[in-house]
Amino acid sequence: MKILIKNGRIIDPSQGIDKTGDILVENGKIAQAGGSIKDKNAKTILAKDKIVAPGFVDMHTHLREPGREEVETIETALSAAVSGGFTTVSAMPNTEPPCDSQAHVKFLLERAAEVKLANILPVGTITKNREGLEMSEMGELRQAGCLAVSDDGDPVADPGLMRIAMEYASMVDLLVISHCEDKALSAEGVMHEGYWSTVLGLKPIPAEAESTIVERDIRLAGLAGARLHIAHVSTAESVEIIKNAKKEGVKVTAEVTPHHFTLSDEALKTFDTNMKVSPPLRSAKDVQALKEGIRDGTIDVIATDHAPHLANEKEKEFDYAPFGMIGLETALPLAVMKLVDEGYLDWPGLIRKLSTRPSEILKYNRGSLEKGAPADIVIIDPAKEWIYTRDRIRSRSSNSPFIGWRMKSAVTDVIVGGKIVLKTAGM
Amino acid sequence: MSTKNTVKWTKKHLLGIEDLSAEEIQLILDHAVGFKEVLERPIPKVPTLRGKTIVNMFCEPSTRTRSSFELAAKRLSADTLNLATASSSFLKGETLKDTARNIEAMKVDMIVMRHACPGAPHFLSGCVGASVINAGDGAHEHPTQALLDVFTIREKLGKVKGLKVSIIGDIAHSRVARSNIWALTKLGAKVTVCGPKTLIPVEIEKMGVRATYDVKEALSGADVLNMLRIQLERQKRPLFPSIREYVREFGINSRLLEKHAKKEVMIMHPGPINRGVELSQDVADGEYSVILNQVTNGVAVRMAVLFLLGHVKKEQVGEQHKKMMKNKLTIP
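First to last, the protein sequences are chains A and B.
With this note's numbering applied, the first sequence corresponds to residues 10 to 436, in that order.
With this note's numbering applied, the second sequence corresponds to residues 4 to 335, in that order.
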């Protein structure tokens, strides 16, 4: 099948391109990009006033399959992903059972092929069974198709083990994604330690629960010669540490979630459990530091940490509700409203954070519209205004504090592997 | 102590002091004066909430607060229902939401809730139609305690504005401290919080108080001391080395008061007292202790709260009150 995308603003930071033009897709690949293209046999998508970019690559998604299919299946998650403009999701391995074997990796790849929506990049565990005691068979995981490993949901608490695991991971060229949290410091905390935790009387999680382990993991990565990626950075202190480490030449990269750059801890005064996340929403000062870090490149990537939970799990006393919110379908508009419109990023900068950098960091052959590249493309109406309502949600769960929000900017078409997987006629 | 307060009560729930205005607090206190008088009658009862059903949903242990609310409701002629969750379907895994909605299906008007989790009454108010009164939600707020505390101060000292009040103890885990901080600062008192550094939460000065780890500083010049109980059951990892050390550094006894405090400093405590820990026996039972007055006032204040919330839809709250005060019940 041939697809011709006409007159869009093509933004491809991997090639330094930001120019109006056409793109021709053929046999699952980019056949031609730029300039004026004519092809009578191609299915035409009119992209005037729209942005045409490499499909977004989420470095942090929680699929609940296998194990908790009632919360989210691979199908519902990938449906949510494409609706948000994501053509690849990195599946975090804290499923039941966790992803620590080639059988599991292959299962995920096969399911993605069956569902035929977005790609899944399985992330393997750092430790066997994600127990934090022994290294997983990372060589096998690499061969089966993983590009990264993580014990996300938990840190690797034992620094000796983390050091060894980092050395081994670097030997098989796996990215180590770290959930940086010292559980002894976060203890039973449920929100950021600051003025608001003092007012609300909720048990606090100090910023240092994150920053001390960010520091630790950066030092260990330096020692081990490993590529380290810090998951869901939430504090000003962490941004500072990462900035200094990059100056020293440490191979560290970092991501921030849309909820962390959109909401601060004050939002918890309603006790809405959809705002209960790990790491927690931080102070206004931290939010500002995250946005500055995004602006100056200390933060490389925007990742969703999409974490579905059922209504009956979340509709509880704040202390008892699980941590997490969904995010695949709201990432783009929140980034546009809070970063692009507020002057922290321009559109090419945003595409860099959502598509280019994630692909570079994962060493994944996507995030580019160069000739011959796999055709994973997202078409965006940058000015479209819409309201995020419950009935629009494609995820099986609806644990989002953004329901009812006015959103700006919408994904209108998505192509994965040269096939159209999302086409919105109008909203 | 009547007032020309023209504020009307419009809130359906009482979830905390943080969202009350000074005028709303005064309104409750003024009504409580009238109800305290009712409590002194031979038949201490008024019919104002007859026909209303009030549920006490106590998911945490309580002596004072629960009895106080139950008496308050009965004095107002309401029907009461006590739900002690230790012996309820909570143990069968029934959620808070389901429990509440089931109770509400039996047509109740108000739910008085005490719970270990901050925000539980807020959550409840979102899933039931009844009025919700917070009787203590974890470390967050205990509004009726703060109301009876400021009522007691106003009654004994004639005012709250300008007074120096020191709250001493485990501030971090105390809902009594938080609610008192709001009530006292809104009414113009100068508040000092005092305790071990590990029991004073971060950035508390932003609530409008002074924080000190030196008990002598907290005593100096204070008009009122509100002593908090060390909450042993709320601490997973001990935040101070021993009770012995706490008593030595922060325990209030008559020698310490003689040396550093005003002679007539008023001693308050929400109860239950750890005798010999935060307060010595002689101070707890001493001349300037108003601890038992607090308990008496608690019933009156809770009557005021139940009354105001019970009539929140009615326009003529003032008229209701006047009528009620005239018709005293007598045995036929």
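Note that beta-carbon positions come from the ideal geometry of N, C-alpha and C, so glycine has one too.
Residue A:THR97 holds the alpha-carbon nearest to the alpha-carbon of LEU72 (chain A) among A:ALA51, A:PRO267, A:VAL61 and A:THR97. LEU237 (chain A) sits away from ARG172 (chain A), with the two beta carbons spaced by 7 Å or more.
Within 8 Å of the CB of LEU99 (chain B), the CB atoms of chain A belong to LYS325 and GLU326, in sequence order along the chain.
In this structure, DSSP gives ILE276 (chain B) a state outside helix and strand, which the three-state scheme calls coil. In this structure the region 137-150 of chain B lies against the region 19-28 of chain B, because at least three pairs of beta carbons, one per stretch, are closer than 8 Å. Nearest CB-CB separation between GLU202 (chain A) and chain B: below the 7 Å threshold. Going by C-alpha positions, VAL114 (chain A) is about 30 Å away from ASN321 (chain A). Contacts with chain A at 7 Å (Cβ-Cβ) include ILE207 (chain B). Sequence-ordered contacts of the region 181-206 of chain A with chain B read ALA196, GLU197, GLU202, GLY203, TYR204 and SER206 [C-beta pairs closer than 8 Å]. Collapsing the DSSP output to three states places THR188 (chain B) in a helix. PRO121 (chain B) belongs to the set of residues whose beta carbon lies under 7 Å from a beta carbon in chain A. For the C-beta of HIS145 (chain B), not a single chain A residue is nearer than 8 Å; the gap to the nearest is close to 10 Å. DSSP places PHE253 (chain B) in the uninterrupted alpha helix (DSSP H) bounded by 246-253. Put simply, of B:ASP82, B:ILE156 and B:LEU99 the residue whose alpha carbon is nearest the alpha carbon of ALA89 (chain B) is B:LEU99. At least one CB of chain A lies nearer than 7 Å to the CB of GLY141 (chain B).
Take ARG247 (chain B), set aside five residues on each side of it, and no residue of its chain has a beta-carbon closer than 7 Å to its own. An exposed status is given to ILE396 (chain A), since fewer than 16 other beta-carbon atoms sit within 10 Å of its beta-carbon. Taking all protein chains in view, the Cβ of SER145 (chain A) is crowded by 16 or more other Cβ atoms within 10 Å, so the residue is classified as buried. Distance from the Cα of ILE389 (chain A) is smallest, within the candidate group A:MET10, A:ASN16 and A:LYS11, for A:ASN16.
Counting along the chain, ASN138 (chain A) sits inside no alpha helix (DSSP H), nor does DSSP assign it H or E at all. Counted as a single uninterrupted DSSP element, the alpha helix (DSSP H) harbouring ILE83 (chain A) occupies residues 83-92. The region 112-198 of chain B is shown to contain whole beta strand (DSSP E) runs of 3 or more residues at 113-118, 134-140, 167-171 and 193-197, in chain order. Relative to CYS197 (chain B), the option among B:MET116, B:ASP101, B:LEU166 and B:ILE255 whose CA is nearest is B:ILE255. DSSP places SER404 (chain A) in no beta strand (DSSP E); its state is neither H nor E. Around LEU312 (chain B), the same chain offers SER134 as residues with beta carbons nearer than 6 Å, after the five sequence neighbours per side are excluded.
ALA108 (chain B) sits in coil when the DSSP states are folded into three classes, being neither helix nor strand. At a beta-carbon threshold of 8 Å, the residues of chain A lying near HIS118 (chain B) are GLU326, ordered along the chain. Not flagged as an interface residue toward chain B: LEU290 (chain A), since no C-beta distance is shorter than 7 Å.
Interface residue (Cβ-Cβ distance to chain A less than 7 Å): HIS125 (chain B) is classified as such. Within the region 41-112 of chain B, complete beta strand (DSSP E) segments of at least 3 residues are found at 56-61 and 82-87, given in chain order. For ASN321 (chain A), the enclosing alpha helix (DSSP H) has its first and last residue at 320-323.
The shortest CA-to-CA distance from GLU78 (chain A) to any of A:ASP328, A:LEU371, A:THR365 and A:HIS318 is the one to A:HIS318. Close to chain A, meaning a Cβ-Cβ distance shorter than 9 Å, is no residue of the region 44-74 of chain B at all. Taking the Cα of VAL34 (chain A) as reference, the smallest distance to any Cα among A:PRO63, A:MET101, A:PHE270 and A:ASP27 is reached at A:PRO63.
Scanning chain B for C-beta atoms nearer than 8 Å to the C-beta of TYR329 (chain A) yields CYS120, reported in chain order. For GLY413 (chain A), the three-state secondary structure derived from DSSP is coil.
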